[in-house]
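Student:
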Amino acid sequence: MPTVIEHATVITVDAGRRVLPDTAVGIDGNRIVAIGPTDEVAAQLPRAERIDGRGKAVLPGFANCHTHFTLTLSRGIQEDFSFPSTLRFPRNAGAYLSDEERVVMAQLGALESIRSGTTSPFEIGTGIAAYADAMMATGLRIVLGETAADLDQARAVRDGVFEFDDARGEAGLQRIEDLHRGYHGAGDGRVSVAVAGHAPEAVSPGLLRRLRDLQERLGAIATIHLNQSWWEVEAVMRTRGVLPTEYLFQHDYLHDRLVAGHCRCMDTREIALLGRSRTVVAFNSAIAARRGYSPRIGELAAAGCPIAMGSDNMAEDMVEVMRTGLFMERVRTGDGERPTPEDVLEWATAAGHRALAQPEAGTLEVGKLADLIVVETQRAHLVPTMRFVSAFVHQGTPADVTSVMVDGRWVMRDGVVLTMDERAIVREAERIGRRAWRRLLEDYPDVPFPVTLDTRDP
Ligand SMILES: [Zn+2]
-10 MPTVIEHATV ITVDAGRRVL PDTAVGIDGN RIVAIGPTDE VAAQLPRAER
40 IDGRGKAVLP GFANCHTHFT LTLSRGIQED FSFPSTLRFP RNAGAYLSDE
90 ERVVMAQLGA LESIRSGTTS PFEIGTGIAA YADAMMATGL RIVLGETAAD
140 LDQARAVRDG VFEFDDARGE AGLQRIEDLH RGYHGAGDGR VSVAVAGHAP
190 EAVSPGLLRR LRDLQERLGA IATIHLNQSW WEVEAVMRTR GVLPTEYLFQ
240 HDYLHDRLVA GHCRCMDTRE IALLGRSRTV VAFNSAIAAR RGYSPRIGEL
290 AAAGCPIAMG SDNMAEDMVE VMRTGLFMER VRTGDGERPT PEDVLEWATA
340 AGHRALAQPE AGTLEVGKLA DLIVVETQRA HLVPTMRFVS AFVHQGTPAD
390 VTSVMVDGRW VMRDGVVLTM DERAIVREAE RIGRRAWRRL LEDYPDVPFP
440 VTLDTRDP
């Protein structure tokens, strides 16, 4: 049945950044078919379900351009141990998860995504096939970025050993091909599969080339973690004799269909290279702040990089990502006016969807995909709503997002997630997290761990 959201404030994020008061949005199938005065839209769709949008704003859903759903497992822990983590466990807690438990942790990430208004996450991980069906069932428009590397990264961080293993790289390429064959275009086109190299220090020149070839052959987008830490910069300088972005440039890995995550420990030569190639920067602001980093977003944008946004580990909250990004960039540059709230909203919506090769989502315009969120406006921290984009970016919370539509279907309606059993997933994730960390701490009692965890069964 068609839907008309009536008398709402419509935040279009279109080229003119128009904000339309007392306006209706008409949806038929998976498309926006009308935007205009309520009586006109209602007349165009006489059989539609009519939803009262007074006191509500309708926005495009967010594109989270860099995340790892299963790392919800380390919430409340790894936020506080820098990157690369200063914790020296020989394995991570994720190694203790069964495939079924990984599904639950990924569902937890998907739940938080929906609750905070994300309609398109870019999930990056290794072995995504184990939870791809569950991700398709969330109703999200999801990009699955299966990762390849030929270095044992954990060992390199721990022991400084850089041994590249062809078989490891080969297995990664095969996983990407398999996932692409199984899921690209699945879920009525909601699922797509991307090619992911893990990070410059973890991918040899040969594997970089093969990833690039595979990406071209599949017509997919690509991603990589880039200039994430000074440890990475040092490691690439030592093993390749150049800076990380120069290394990718040498092997033709920079291009306008690449989403480079982080870009924070980067010199001006690298910024110029990245800009010239029109590589998209995923500005993962909140995690950068937690790590003590602040990427030079203004310079990257001026050099030619489109800016998108991502949450990265342990959180999926794009409302926080927008606000933190605005704060960080203003603090970094000492500029109390730029970026504007409208800039960061565009990065988190229209620009993000373009980066994910979803140009038909990300703005509210007739003919576009019906991927949208409904936000309550009449709240103590949001009124008066004379300039709602600013009020929401500066003061909004995920709880203000009450309904989420993807591809014309509600995945959350009036505060209730419709595609997953939220209570069961939250309960299970609490149990799984405690058990995995308990086992890790029991197995390595001699590894220094300077915090106290309550790992008892709930
Ligand atoms: Zn990441």
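Residue numbers for the sequence shown, in this note's numbering: -10 to 447.
Even for Gly, the Cβ is constructed at its ideal location relative to N, Cα and C.
Just so you know, these numbers come straight off a predicted model, no measurement behind them.
1. Taking Cβ positions, are Val378 and Glu331 nearer each other than 7 Å?
2. Leaving out five residues before and five after Val146 in sequence, what residues of the same chain have Cβ atoms less than 6 Å from its Cβ?
3. Check whether the Cβ atoms of Thr59 and Ala82 sit closer than 7 Å, and answer yes or no.
4. Check Ala4 in the structure and name its three-state DSSP category.
5. Please classify Ala99: does DSSP put it in a helix, a strand, or coil?
6. Quick check on the DSSP output: the beta strand (DSSP E) that includes Arg39 runs from which residue to which?
7. For Phe153, write down the residues that DSSP places opposite it in a beta bridge.
8. Smallest Cα separation from Gly397: which of Arg267, Leu353, His244?
9. Just confirm the distance between the C-beta atoms of Leu361 and Leu48, as a whole number of angstroms; I'd bet it's less than 8 Å.
10. Report the three-state DSSP secondary structure of Leu289 (helix, strand or coil).
11. Roughly how far, in whole angstroms, is the beta-carbon of Asp389 from the beta-carbon of Glu365, given that I think they are within contact range, below 8 Å?
12. Give the DSSP bridge partners of Trp399, in chain order.
13. Quick test of your reading: Val310 and Ala275, contact by CB under 8 Å. State the CB separation rounded to the nearest angstrom.
14. In the DSSP output, which residue or residues are listed as bridge partners for Pro328?
15. May I have the straight-line CA-CA distance separating Glu431 from Asp41, to the nearest angstrom?
16. Given the structure, does Asp301 come close to ligand 1, in the sense that its CB is under 6 Å from one of the ligand's heavy atoms?
17. Can you give the Cα-Cα distance for Gly351 and Arg179, rounded to whole angstroms?
18. Relative to ligand 2, is the shortest distance from any of its heavy atoms to the C-beta of Gly134 smaller than 6 Å?
19. Give me the residue from Ala224, Ile0, Pro(-9), Thr212 with the minimum Cα distance to Met375.
20. So what does DSSP say about Thr212, is it helix, strand or coil?
21. Candidates Gly422, Gly186, Ser87: which alpha carbon is nearest Val160's?
22. I'd like to confirm the pairing. Which residues does DSSP put opposite Ser181 in its beta bridges?
23. Taking DSSP as the reference, what is the three-state secondary structure of Met298?
Tutor: By the coordinates alone:
1. Your numbering for residue 378 matches position 389 in the sequence shown. Your numbering for residue 331 matches position 342 in the sequence shown. Yes; because the gap between Cβ atoms is below 7 Å, this pair is in contact.
2. Here residue 146 is taken as the residue at index 157 of the sequence shown, counted from 1. Contacts found: Pro73.
3. As a first step, residue 59 is located in the sequence shown; it is residue number 70 there, counting from the start. As a first step, residue 82 is located in the sequence shown; it is residue number 93 there, counting from the start. No, Cβ-Cβ distance for Thr59 and Ala82 is not below 7 Å.
4. To locate residue 4, count along the sequence shown from 1; it is residue 15. The answer is coil: DSSP assigns Ala4 none of H, G, I, E or B.
5. Your numbering for residue 99 matches position 110 in the sequence shown. In this structure, Ala99 counts as helix in the three-state DSSP scheme.
6. Within the sequence shown, residue 39 is the residue found at index 50, counting from 1. Per DSSP, Arg39 belongs to the beta strand (DSSP E) from 38 to 41.
7. The residue labelled residue 153 in the question sits at position 164 within the sequence shown. According to DSSP, which records beta bridges pairwise, Phe153 is partnered with Leu140.
8. Along the sequence shown, read from residue 1 onward, the residue named residue 397 stands at position 408. Per the Cα distances, Leu353.
9. Residue 361 sits at position 372 when you count from the first residue of the sequence shown. Residue 48 sits at position 59 when you count from the first residue of the sequence shown. Contact between Leu361 and Leu48 holds: their C-beta atoms lie close to 7 Å from each other, under 8 Å.
10. Taking the sequence shown and counting its residues from 1, one reaches residue 289 at position 300. DSSP places Leu289 within a helical segment (H, G or I) once states are collapsed to three.
11. Position 400 of the sequence shown holds residue 389. Position 376 of the sequence shown holds residue 365. For Asp389 against Glu365, the beta-carbon gap comes to about 5 Å, under 8 Å, which counts as contact.
12. Counted from its first residue, the sequence shown places residue 399 at position 410. In the DSSP output, where bridge partners are listed per residue, Trp399 has Met394.
13. By 1-based counting over the sequence shown, the position of residue 310 is 321. By 1-based counting over the sequence shown, the position of residue 275 is 286. Val310 to Ala275, Cβ: 5 Å. Contact.
14. One-based indexing of the sequence shown puts residue 328 at position 339. DSSP, once it has assigned bridges, lists no residue as partnering Pro328.
15. As a first step, residue 431 must be located in the sequence shown, where it is residue number 442. As a first step, residue 41 must be located in the sequence shown, where it is residue number 52. Glu431 and Asp41 have their C-alpha atoms spaced approximately 54 Å apart.
16. Along the sequence shown, read from residue 1 onward, the residue named residue 301 stands at position 312. Indeed, a heavy atom of ligand 1 lies less than 6 Å from the Cβ.
17. As a first step, residue 351 is located in the sequence shown; it is residue number 362 there, counting from the start. As a first step, residue 179 is located in the sequence shown; it is residue number 190 there, counting from the start. Cα to Cα, the separation comes out at about 14 Å.
18. In the structure on display, ligand 2 does not appear, and the ligands it does have are ligand 1.
19. Taking the sequence shown and counting its residues from 1, the one referred to as residue 375 is at position 386. Residue Ile0 is the option with its Cα nearest to Met375.
20. Numbered from its first residue, the sequence shown carries residue 212 at position 223. Of the three classes helix, strand and coil, the one that applies to Thr212 here is strand, per DSSP.
21. For this step, residue 160 is matched to residue 171 along the sequence shown. The sequence as given places Ala at residue 160; Val does not occur at that position. It is Gly186 whose Cα lies nearest to the Cα of Ala160.
22. Taking the sequence shown and counting its residues from 1, the one referred to as residue 181 is at position 192. The partner list for Ser181 (beta bridge, DSSP) reads Val132.
23. As a working mapping, residue 298 is identified with position 309 in the sequence shown. Met298: strand per DSSP, three-state reduction.
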